[in-house]
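Top to bottom, those sequences are chains A and Y. Using my numbering, read the first sequence as starting at 9 and increasing by one per residue. Using my numbering, read the second sequence as starting at 119 and increasing by one per residue. Beneath this line is the structure, given in structure tokens, with notes to follow.
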Amino acid sequence: MESATHTEGSGHPTAGTYLRVFAVLFVITVVEVGVFYVPAFKPLLAPVLLTLSAAKFALVVMFYMHLKQDSKFFTFVFGGPLLLASAVMIGLLFLFGVFVLGG
Amino acid sequence: MTHATSMGLDSRKLAFWTFIGSECLLFGSLISTYLVYKGQSVVGPYPHEILNIPVTSLSTFDLLASSLWMVLALAAVQRGDMKWAKIWLLGVAIGGLIFLGFQVYEFTSFVHEGLTLQRNLFGASFFLLTGTHGAHVAVGVIWMLTLWVQALRGRLGPQNAITVEIAGLYWHFVDVVWIIIFTLVYLLQ
Numbered sequence: 009m010e011s012a013t014h015t016e017g018s019g020h021p022t023a024g025t026y027l028r029v030f031a032v033l034f035v036i037t038v039v040e041v042g043v044f045y046v047p048a049f050k051p052l053l054a055p056v057l058l059t060l061s062a063a064k065f066a067l068v069v070m071f072y073m074h075l076k077q078d079s080k081f082f083t084f085v086f087g088g089p090l091l092l093a094s095a096v097m098i099g100l101l102f103l104f105g106v107f108v109l110g111g
Numbered sequence: 119m120t121h122a123t124s125m126g127l128d129s130r131k132l133a134f135w136t137f138i139g140s141e142c143l144l145f146g147s148l149i150s151t152y153l154v155y156k157g158q159s160v161v162g163p164y165p166h167e168i169l170n171i172p173v174t175s176l177s178t179f180d181l182l183a184s185s186l187w188m189v190l191a192l193a194a195v196q197r198g199d200m201k202w203a204k205i206w207l208l209g210v211a212i213g214g215l216i217f218l219g220f221q222v223y224e225f226t227s228f229v230h231e232g233l234t235l236q237r238n239l240f241g242a243s244f245f246l247l248t249g250t251h252g253a254h255v256a257v258g259v260i261w262m263l264t265l266w267v268q269a270l271r272g273r274l275g276p277q278n279a280i281t282v283e284i285a286g287l288y289w290h291f292v293d294v295v296w297i298i299i300f301t302l303v304y305l306l307q
């Protein structure tokens, strides 16, 4: 369990870490836009872009929103609704025939 | 001044994370709506005819950069460097305004090309999703400017860095929502 003092910033990353994370986010975004324009990537576009997007999401949440250092309870409070939203989204896509089982 | 709960966590931060959790459900429903109606429009314009990837890529880079400036503003406030805190906070607000400028340009050009909220299912779900996100960015810009004015008046310092951290949580959440929208709406047409 973490103290209120700790959650107020004493364990946050340094400016150097923030800059390195930004560099990675920048490169991933360049790759995302790049693969969009390469016809050879067409069959793999969805899995590649979803993976890169998930990586960016995780980097921002872990380092910029400090979930990597902060109390795990914050991860639970954020992760629970995020999982629920993802489940509802997948459920709706099946319900409306965007995804088809065995199709 | 801390607002610790019995768990030893700051109650304002806990409340804000709970709010962000509820925002996940809001944007989850809007993104689901967009995806469910994708390809269902019976009249154009269709996404592949109208979405401008180069312009949207620029606005994406702008929002990513503003997230960096936000964490640098927080770091500056935490170490008591208010000169740089003011610069970075103003930078975040300007970054948000630039993003909104790109969105106004995009919406205006779409309307000129015939895509409106009433035109087809793509228009309705696209404007609802990206407009809701844009409204969140606008709220964030107002919040950043408020913090900047507080800093100018000497009312912001390391003792209330938590207020900047909570504003940062909001700004980064808006950024991660855009990361998803950029991929699902713009790149996966």
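Beta carbons: idealized from backbone N, C-alpha and C, even for Gly.
{"Query": "G214 of chain Y vs G258 of chain Y beta-carbon contact at 7 Å", "Result": "yes"}
{"Query": "At least three beta-carbon pairs within less than 8 Å, the stretch 231 to 239 of chain Y to the stretch 188 to 195 of chain Y", "Result": "no"}
{"Query": "Interface flag, M9 of chain A vs chain Y, CB-CB below 7 Å", "Result": "Because the pLDDT at M9 of chain A is just 34, under 50, the model does not fix this residue reliably, and the point stays unresolved."}
{"Query": "Per-residue contacts from G168 of chain Y into chain A (C-beta, under 7 Å)", "Result": "The sequence as given places Ile at residue 168 of chain Y; Gly does not occur at that position. Those within 7 Å of I168 of chain Y in chain A number zero; the least Cβ separation is about 16 Å."}
{"Query": "Short CB-CB distance (under 7 Å) between V39 of chain A and chain Y", "Result": "no"}
{"Query": "First and last residue of the uninterrupted alpha helix (DSSP H) at Y45 of chain A", "Result": "23 to 45"}
{"Query": "Residue environment, T59 of chain A, which counts as buried when at least 16 other CB atoms sit within 10 Å", "Result": "exposed"}
{"Query": "Contact with chain Y by F102 of chain A, beta-carbon distance below 7 Å", "Result": "no"}
{"Query": "Chain-ordered chain Y contacts of V108 of chain A [CB-CB under 7 Å]", "Result": "What V108 of chain A touches in chain Y: nothing, since even the nearest Cβ is about 14 Å away."}
{"Query": "Closer than 7 Å to chain Y by CB, P51 of chain A", "Result": "no"}
{"Query": "Endpoints, the alpha helix (DSSP H) within which H254 of chain Y is located", "Result": "239 to 270"}
{"Query": "Sequence-distant residues of the same chain with beta carbon closer than 7 Å to T178 of chain Y, five excluded per side", "Result": "W296, F300"}
{"Query": "Cβ of K80 of chain A within 7 Å of any chain Y Cβ", "Result": "no"}
{"Query": "Extent of the continuous alpha helix (DSSP H) to which K64 of chain A belongs", "Result": "53 to 67"}
{"Query": "Test item: CB-CB of F30 of chain A and L186 of chain Y under 7 Å", "Result": "yes"}
{"Query": "Assigned exposure category for S94 of chain A - 16 Cβ within 10 Å defines buried", "Result": "exposed"}
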